[in-house]
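Below: one structure, written as structure tokens.
Residue numbers (the numbering used here): 330 to 844.
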């Protein structure tokens with residue numbers, strides 16, 4: 330609340346900066362296992378287990394989990410000889426130990442420290458209070474020590490676990506979120522471990538920022554390591570496919586204005602992001618439920634922050650107008666409403682310079698805000714989580730194996746047709762994984778699909794890189810191509826498309842594509 334962005338803006342040494350953004354989990358968990366799918370059934374790992382010519386288990390592969398932490402005492406994350414599957418653990422919230430080199434917060438624990446905690450049955454190094462990180466770990470490397478049917482895909486891979494700092498009640502009471510600054514620190518840490526251990530690494534993204542249609546130059550592109558073989562990011566597409574957090578429209582130069590209607594529920598704060606297209610310029614103003622108008626916000630050559638208050642609603646606003654935004658070269662308007670009152674809010678768009686006229690407006694991810702906060706005329710297209718839109722990331726949507734169809738919540742790709750996202754879809758409904766306190770849970774969401782895909786990638790990496798059967802096949806673009814080529818496709822559907830990508834992950838097809 331005390332952050333003064335004008336200080337950074339007025340520093341001549343700083344060309345660009347961005348405030349930390351809110352991120353959320355891409356997993357829903359259910360304790361019941363009645364309708365659950367085993368990983369073996371969902372991914373088809375029997376092909377690997379029964380193939381005498383392909384002996385891969387994820388050996389010498391690192392997989393990074395950036396999520397809620399891990400229950401390192403879960404039997405499925407401990408080998409038969411009592412060793413942890415976790416090579417390194419960075420708990421960003423625990424300041425009792427020493428932070429990783431180059432970091433100034435949290436505590437890092439290595440494999441031997443975790444093994445000692447296992448031997449003494451000490452649960453206090455780090456805790457997973459949410460359970461999603463533990464569940465993903467089980468999908469990836471679960472040993473099946475409690476129930477062999479629930480063993481993971483790449484049992485011999487090693488984990489690098491980063492427990493992100495949690496933030497409570499950013500938009501709505503009782504909702505837990507994460508921040509992009511901690512997220513990028515986690516990626517930096519994971520990369521440093523891969524270079525230290527000199528092993529291939531898959532970074533498994535099971536959290537996501539807000540949805541976007543923008544094809545951005547993000548911070549992820551600044552990591553040159555991802556241009557090398559053996560370093561890859563696999564991300565969930567997002568879980569906003571059947572939500573109402575996206576509005577898209579087209580405005581004409583001749584229009585006086587267009588009104589976009591937003592219903593706000595029981596949030597205490599709300600962020601709204603508006604993106605233009607090409608060189609288009611729009612002016613905006615906000616209208617409160619009582620009919621009070623904000624000031625009109627329009628382009629100015631200087632960097633302006635507009636602040637004001639709706640007196641009847643007692644709601645404050647801060648609006649940042651950026652043109653052009655350095656990430657896209659297009660219009661970007663960020664609206665922050667504090668102590669927002671429930672009711673119908675109106676975003677009024679006024680054309681200033683219009684060539685295309687297309688625009689998109691986004692709310693935060695639905696699982697962070699009130700259920701009855703929504704656009705009254707939403708668009709489910711263009712709901713891929715922002716970083717997953719990057720070409721340097723393999724983007725995975727969620728497939729319902731029992732219904733043989735896309736999961737309704739899986740985010741849909743870019744509506745402007747610039748590139749196809751997701752790349753593929755994978756089983757992501759009712760997948761059984763380990764859960765804190767020696768239990769199991771069902772996972773649903775694009776993050777569950779991502780974990781299945783990351784596990785398959787670990788097997789592929791061992792075969793191509795570690796065992797050197799196909800040297801030089803470890804670049805992101807190459808792995809993506811083999812996934813796309815080997816995917817299962819329906820004869821009556823045209824591929825690629827912005828819901829199904831290039832088809833459903835097929836582990837056997839992925840290996841067959843190498844032939």
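By construction, the Cβ of each residue, glycine as well, lies at the ideal position given by its N, Cα and C atoms.
Would you say the beta carbon of residue 642 is closer than 8 Å to some non-hydrogen atom of the ligand PLP?
With respect to small molecules bound, the structure shown includes none, and the ligand PLP cannot be examined in it.
Among the residues of its own chain, which have a CB less than 6 Å from the CB of residue 555, if the five just before and after it don't count?
Along the chain shown, one-based indexing puts residue 555 at 226. Answer for residue 555: 721, listed in chain order.
Pull up the DSSP beta-bridge partners for residue 452, would you.
Start at 1 with the first residue of the chain shown, and residue 452 comes out as number 123. Bridge partners of residue 452 according to DSSP: none are assigned.
Extent of the continuous beta strand (DSSP E) to which residue 489 belongs
Residue mapping note: residue 489 aligns to position 160 of the chain shown, counting from 1. Going by DSSP, residue 489 is part of the beta strand (DSSP E) stretching over 487-492.
Is residue 469 helix, strand or coil by DSSP?
For this step, residue 469 is matched to residue 140 along the chain shown. Residue 469: helix per DSSP, three-state reduction.
Check residue 744 in the structure and name its three-state DSSP category.
Position 415 of the chain shown, counting from 1, holds the residue named residue 744. Unreliable placement is indicated for residue 744, whose pLDDT of 48 sits below 50; the coordinate value is still reported in the next sentence. Note: residue 744 maps to coil in three-state DSSP.
Could you tell me the distance, in whole angstroms, from the CA atom of residue 834 to the CA atom of residue 756?
Translated into the one-based positions of the chain shown, residue 834 becomes position 505. Translated into the one-based positions of the chain shown, residue 756 becomes position 427. Distance between the alpha carbons of residue 834 and residue 756: 8 Å.
State whether the stretch 488-503 contacts the stretch 594-614, with contact taken as three or more CB pairs (one from each stretch) at a distance under 8 Å.
Yes: at least three Cβ pairs fall under 8 Å.
Using the rule of at least 16 other Cβ atoms within 10 Å of the residue's Cβ for burial, across every protein chain shown, is residue 316 buried or exposed?
Absent from the structure is residue 316, since the part of the chain shown begins at 330 and ends at 844.
C-alpha gap between residue 727 and residue 824, whole angstroms
Counted from its first residue, the chain shown places residue 727 at position 398. Counted from its first residue, the chain shown places residue 824 at position 495. The alpha-carbon atoms of residue 727 and residue 824 are separated by roughly 16 Å.
With burial defined as no fewer than 16 other Cβ atoms inside 10 Å of the residue's Cβ, what is the status of residue 412: buried or exposed?
Numbered from its first residue, the chain shown carries residue 412 at position 83. Classification for residue 412: exposed.
Just how far apart, CA to CA, sit residue 706 and residue 628?
Locating residue 706 in the chain shown gives position 377, counting from the first residue. Locating residue 628 in the chain shown gives position 299, counting from the first residue. Approximately 27 Å between the Cα atoms of the pair.
Ordered along the chain, which non-local residues of its own chain (more than five positions away) have a Cβ less than 8 Å from that of residue 410?
As a working mapping, residue 410 is identified with position 81 in the chain shown. Residues of the same chain with their beta carbon placed closer than 8 Å to that of residue 410 are lacking, with the five preceding and five following residues left out of the count.
Decide if the stretch 681-690 is in contact with the stretch 572-581; the criterion is three or more beta carbon pairs, one per stretch, under 8 Å apart.
Judged by pairs of C-beta atoms under 8 Å, the stretch 681-690 touches the stretch 572-581, as three or more such pairs exist.
Could you work out which residue in 561, 537, 534 is closest to residue 523 when comparing CA atoms only?
Start at 1 with the first residue of the chain shown, and residue 523 comes out as number 194. Nearest of 561, 537, 534 to residue 523, Cα basis: 561.
How far does the beta strand (DSSP E) with residue 635 in it reach, from first residue to last?
Stepping through the chain shown from its first residue, residue 635 is reached at position 306. In this chain, the beta strand (DSSP E) harbouring residue 635 covers 633-639.
Could you tell me whether the stretch 445-465 touches the stretch 402-409, where touching means 3 or more Cβ pairs closer than 8 Å?
A contact exists between the stretch 445-465 and the stretch 402-409.
Flag this pair as yes or no: are the beta carbons of residue 613 and residue 626 separated by less than 9 Å?
Indexing the chain shown from 1 puts residue 613 at position 284. Indexing the chain shown from 1 puts residue 626 at position 297. For residue 613 and residue 626, yes; Cβs fall inside 9 Å.
If you measure between the beta carbons of residue 765 and residue 460, is that distance less than 9 Å?
One-based indexing of the chain shown puts residue 765 at position 436. One-based indexing of the chain shown puts residue 460 at position 131. Cβ atoms of residue 765 and residue 460: closer than 9 Å.
DSSP three-state label for residue 791, please.
Numbered from its first residue, the chain shown carries residue 791 at position 462. In the three-state scheme derived from DSSP, where H, G and I count as helix and E and B as strand, residue 791 is classed as helix.
Taking buried to mean at least 16 other C-beta atoms within 10 Å of its own C-beta, is residue 646 buried or exposed?
Translated into the one-based positions of the chain shown, residue 646 becomes position 317. Per the 10 Å Cβ criterion, buried.
Out of 519, 725, 481, point me to the one whose CA is closest to residue 416's CA.
Here residue 416 corresponds to residue number 87 of the chain shown, with the count starting at 1. Taking residue 416 as reference, the option from 519, 725, 481 with the minimal CA-CA separation is 519.
Mind reading off the beta-carbon distance from residue 484 to residue 397? Whole number of angstroms is fine, and I expect it under 8 Å.
Within the chain shown, residue 484 is the residue found at index 155, counting from 1. Within the chain shown, residue 397 is the residue found at index 68, counting from 1. The beta-carbon separation of residue 484 and residue 397, rounded to 22 Å, does not stay under the 8 Å limit for a contact.
Run through the DSSP bridge pairs and tell me what residue 438 is partnered with.
Walking along the chain shown from the start, residue 438 turns up at place 109. In DSSP, residue 438 forms a bridge with 418.
Kindly indicate which three-state DSSP category residue 343 falls into: helix, strand or coil?
For this step, residue 343 is matched to residue 14 along the chain shown. Assignment of residue 343 by DSSP, reduced to helix, strand and coil, places it in the coil class.
Could you check the C-alpha separation between residue 809 and residue 785 for me, to the nearest Å?
Position 480 of the chain shown, counted from the start, is the residue given in the question as residue 809. Position 456 of the chain shown, counted from the start, is the residue given in the question as residue 785. Cα atoms of residue 809 and residue 785: separation of roughly 12 Å, rounded to the nearest angstrom.
Could you name the residues that DSSP lists as bridge partners for residue 444?
To locate residue 444, count along the chain shown from 1; it is residue 115. According to DSSP, residue 444 bridges with nothing at all.
Under a Cβ-count criterion, where at least 16 other Cβ atoms within 10 Å of its own Cβ denotes burial, should residue 715 be classed as buried or exposed?
Residue 715 sits at position 386 when you count from the first residue of the chain shown. Flag for residue 715 reads buried.
Which of helix, strand or coil DSSP assigns to residue 557
Here residue 557 is taken as the residue at index 228 of the chain shown, counted from 1. Here residue 557 sits in coil by DSSP.
Reference residue 406; option with closest CA among 551, 559, 476, 585
Taking the first residue of the chain shown as position 1, residue 406 is located at position 77. Among 551, 559, 476, 585, the Cα nearest to that of residue 406 belongs to 476.
Contact check, residue 815 vs residue 559 under 8 Å by CB: the rounded distance?
Taking the chain shown and counting its residues from 1, the one referred to as residue 815 is at position 486. Taking the chain shown and counting its residues from 1, the one referred to as residue 559 is at position 230. Contact doesn't hold; Cβ gap of about 20 Å is too wide.
Residue 773 classed as buried or exposed, judged by whether at least 16 other C-beta atoms fall within 10 angstroms:
Numbered from its first residue, the chain shown carries residue 773 at position 444. With 16 or more Cβ atoms within 10 Å of its Cβ, residue 773 is classed as buried.
According to DSSP, which residues form a beta bridge with residue 728?
Within the chain shown, the letter at position 399 stands for residue 728. Paired residues: 735, 756.
State the DSSP-derived secondary structure class of residue 804, mapped to helix, strand or coil.
The residue you call residue 804 lines up with position 475 of the chain shown. Judged by DSSP in its simplified three-state form, residue 804 adopts coil rather than helix or strand.
Would you call the CB atoms of residue 465 and residue 356 closer than 9 Å?
The residue you call residue 465 lines up with position 136 of the chain shown. The residue you call residue 356 lines up with position 27 of the chain shown. Yes, they are a contact pair.
Straight-line Cα distance separating residue 542 from residue 744:
As a working note, residue 744 is residue 415 in the chain shown. As a working note, residue 542 is residue 213 in the chain shown. In this prediction, residue 744 has a pLDDT of 48, which is less than 50 and means its spatial position is unreliable; what the coordinates show is noted afterwards. Residue 744 and residue 542 have their C-alpha atoms some 7 Å from each other.
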